[in-house]
Every structure is written in structure tokens, then in C-alpha cells.
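In this note's numbering, the protein residues as written are 378 to 800.
Where is the CB? At the ideal position from N, CA and C, for every residue including glycine.
Worksheet: the structure to be examined is printed underneath.
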């Protein structure tokens, strides 16, 4: 790929700027955080944009040059805080690190992009809302139907669906999406339809080549045969899942091995409502000028774990419409209320439990830190008490799902210090 005129001019100035220009050309749609010593620097339009978004001082490199290069920077140890703000604003960030010790480098220090962070592909807790899923939605539009794949890289969940264009606005408005993946180029027949159903929906849009959708003629090898067989009749959704998995693999710099929790996303047994209804009823967000404390979600969410909050929100986003399913859920609640085991001690035992769902996903995709493993160790220590408390209720059978082989906890105890470092 040839350099743009601006980057080509910069590359001609110094070897460092030539290195920067090459890496930036590989990630044109992301703000490039370029590591220089103790700082991450941004140049050209990236610097102008970042300075405005983050409140940074815009300076220039080679001020005496007739055409100085705009630049701004942040201390390397404050990177994640600034990245989080950019992700919330819908931007992508490419992290370019030094790949060798500058003291031992001969000539210019070798650098490379080690991670690409996008609103829909992040897995670290500091970039995420603990009480809700962080979905990447890949869409495969065809003249008669729309294939949908919702993927949450932070939990490993994938939801597959196909719908008519008539149903598409309601289906897509039901769930918060951080990032939409759409094919490029779009056929003239489907482009206006897709634009119509996406208009007004939040989330960043990312365009990927059509070939990324067509690369899958069968379910991904990372899925079990049982899962693959259960979704083989959703060809459009499988094409969307191919694009979603390819995008996550590329963003994370390796196979997104956590993406194995696959289910069919059906609307048959749920109550349908559109985005306008959710806004008017203030289910999750207040009316303009209102307060979040006045939403239905604020009143109902008294969960004490992040995973519990995500499950409750998912139930509210897609309320049951099947009488038998509603009654089954009511019976489960009644059984818990009628249990002799007090609920308050059980809630307290749950309080402070780390987010095992997201921990497991980070471990599966090799993104876990020593501190993450320490959190897993501490959670495993608490599980026997939770199992005992749950076993004394009507949910003794469910308690068996929490049993973990003791060898894992013992190995983590041996391998980790009491307070593991972040990195």
C-alpha cells in the first residue's frame, strides 16, 4: 500500500517519521499511539483530533521546519485512561510499542503495533461497563433477509439470528451495540435498506471487505460439533459470524479463542419493542435533561455482581412473552423466596466476587494479567462457601455447576504471590 502524500512527505524527513508513516498507513482508521521513551505520541490529524478530544496541548515536531508536524503526547503509564475516553467517544486506537530495549538498539528502535483497541473488541475491565454486555454486531445484508451476529469479546458470547427487513429495525434496536461491522462494498439493492435500519442507533461503524464474510463455508473450527450442527441452518448469520471472528482475531493480534458460547438469537418468545418505546418509557436512559436514577433500570438493578447485572439487563432488553417460560421463572423465584436459607447472607457472600465470566474470556484469549489470575485464585477460594449455601436451597442441583477441580486453585496458590502485579 502506497503512502498518502502527507505521510510520504513526513517519511522523507527522518527514519523515525518513516517508521511512523509506515505503521500509520497500516491503520488509517485508528488513532496511532506511537511509543517514544516514556510517552505515547500522536502526529498529524491524529494529534489534532486527540488534542481536542482529550484536552491535550497541541505542539509540533521540528518547529523550525517550514511545515512543522502537529503532535501531542501522554505519559505511557496513563495510557489506559486516555484510551478509555477515546473508546467511549467511538474511536479506535492502535498501540505501537517499542519491541526492543532502546539501550541495546542499533540505530532506530524497532516498533510495531501490538494491539488494536476498538469499542466492540476490548476485553479489559477498565474499558467496559460491568453491568452490561459489550456487543460487536456483524451484519450480512441480502436482498430478502439480514444475517446478524452479536459477539461480546469480553464474555465469549455469540448470538446468531436471521430476520426479514421488516423485522430488522426492531431486532437491531433491542440491544446496545458498541460497534457495527458492515461489508464493503455494499450492493446497491441492500445499501439503502441497511442504512435505514441503522439510522439512529448508537455505536461505531466499521467497514470490512466482503471477502471476510465469504471466508466461511461452514461453522468455525473453534466451535464444538454440537454447536456447529445447531446453527448450520443459518447461512447468513454464519457469514456474519465469519466477519466478526476475523475482526476480533485481527484486533486482538491472535485467535479470539474465547468465542465459543454460541446460541440462536430468537425473537419468537420475547416481547418486542423498538428504540423509541425504550426511550419514551425511560427503560435504560432518561429523557433529555432527566436523571439516570429515574430509569426503570436504576430502580431494578440491585445486583451485587457484574455478571448478575448483565443477566438482568438482558432479561429487561428482551422480556419473556411465553406464558410457560414466564411461569417457570416465577416458580424459580418463588422457590428461592420459600427457601429456609436466608437470602441476605447469600447476597453478602456474592458481594465483591470478581467477574468470572470476563476473567475466563481474558484467560482463553491470552489477555489475562497476573492480577487477573490472582482474582481467579481468590474467587476459587470463595466458591466452596457459595456452593454450600446454594446447596441448602432448592437450587442444590445448580450448585454442582460451581464445582471446580481443586488442582486449579492449588496451582494458582503455588504460582502467585499474595498480591500479583498488574503486568
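Inset, instruction - Could you check if residue 692 is buried or exposed, using at least 16 other CB atoms within 10 Å of its CB as the buried criterion? - result: exposed
Inset, instruction - Report the rounded CA-to-CA distance for residue 670 versus residue 510, giving the unit in angstroms. - result: 20 Å
Inset, instruction - Within the region 499-585, note down every full beta strand (DSSP E) run reaching 3 residues or more, in order along the chain. - result: 512-518, 522-529, 534-541, 554-561
Inset, instruction - Would you identify the three-state DSSP class for residue 471, choosing helix, strand or coil? - result: strand
Inset, instruction - Measuring alpha carbon to alpha carbon, tell me which of 430, 786, 565, 737 ends up nearest residue 451. - result: 430
Legend entry - For residue 412, the residue or residues it bridges with in DSSP: 417
Legend entry - Candidates 633, 798, 437, 557: closest to residue 617 by CA position: 557
Inset, instruction - Apply the 10 Å Cβ neighbour rule to residue 476 and answer buried if 16 or more other Cβ atoms are within range, or exposed otherwise. - result: exposed
Legend entry - Bridge partner(s) assigned by DSSP for residue 493: 471
Inset, instruction - Could you say if the region 539-555 and the region 594-606 meet the contact criterion of at least three C-beta pairs nearer than 8 Å? - result: no
Inset, instruction - For residue 767, collect the residues of the same chain with a Cβ closer than 6 Å to its Cβ; drop the 5 residues on either side in sequence, then sort them by chain order. - result: 776
Legend entry - Which residues DSSP lists as bridging residue 446, in chain order: 438
Legend entry - Nearest residue (CA-CA) to residue 442, options 673, 701, 391: 391
Inset, instruction - Taking only the alpha-carbon atoms, compute the straight-line gap between residue 639 and residue 545 and give it to the nearest angstrom. - result: 21 Å
Inset, instruction - Pull up the distance between the alpha-carbon of residue 792 and that of residue 751, whole angstroms please. - result: 10 Å
Inset, instruction - List the whole-angstrom C-beta distance separating residue 730 from residue 759, where the pair is believed to meet the contact cut-off of C-beta under 8 Å. - result: 6 Å
Inset, instruction - Report the residue from 761, 697, 421 whose alpha carbon sits nearest the alpha carbon of residue 727. - result: 761
Inset, instruction - Name the residue from 489, 512, 646 whose alpha carbon lies nearest to the alpha carbon of residue 500. - result: 512
Inset, instruction - Could you tell me the boundaries of the beta strand (DSSP E) in which residue 710 lies? - result: Run containing residue 710: none in the beta strand (DSSP E); it sits in the alpha helix (DSSP H), 700-715.
Legend entry - Backbone CA spacing between residue 568 and residue 585 [nearest angstrom]: 14 Å
Legend entry - residue 640, enclosing beta strand (DSSP E) - first and last residue: 638-641
Legend entry - Expected contact under 8 Å - CB spacing of residue 675 and residue 713 to nearest Å: With 8 Å as the limit, residue 675 and residue 713 do not qualify as a contact, their Cβ atoms being about 23 Å apart.
Legend entry - N- and C-terminal bounds of the alpha helix (DSSP H) containing residue 694: 683-694
Legend entry - Beta bridge counterpart(s) of residue 647 as assigned by DSSP: 697
Inset, instruction - Give the straight-line distance between the Cα atoms of residue 422 and residue 447, rounded to the nearest whole angstrom. - result: 8 Å
Legend entry - alpha helix (DSSP H) segment containing residue 401, residue limits: 392-403
Legend entry - Contact check, residue 549 vs residue 470, beta carbons under 9 Å: no
Inset, instruction - Starting from the Cα of residue 463, find the closest Cα among 496, 445, 662 and give me that residue. - result: 496
Inset, instruction - Per DSSP, which residues does residue 452 bridge with? Please list them. - result: 416
Inset, instruction - Would you tell me roughly how many angstroms separate the C-alpha atoms of residue 588 and residue 608, rounded to the nearest one? - result: 21 Å
Inset, instruction - Pull up the CB-CB distance for residue 661 and residue 672, whole angstroms please, since I reckon it's below 8 Å. - result: 6 Å
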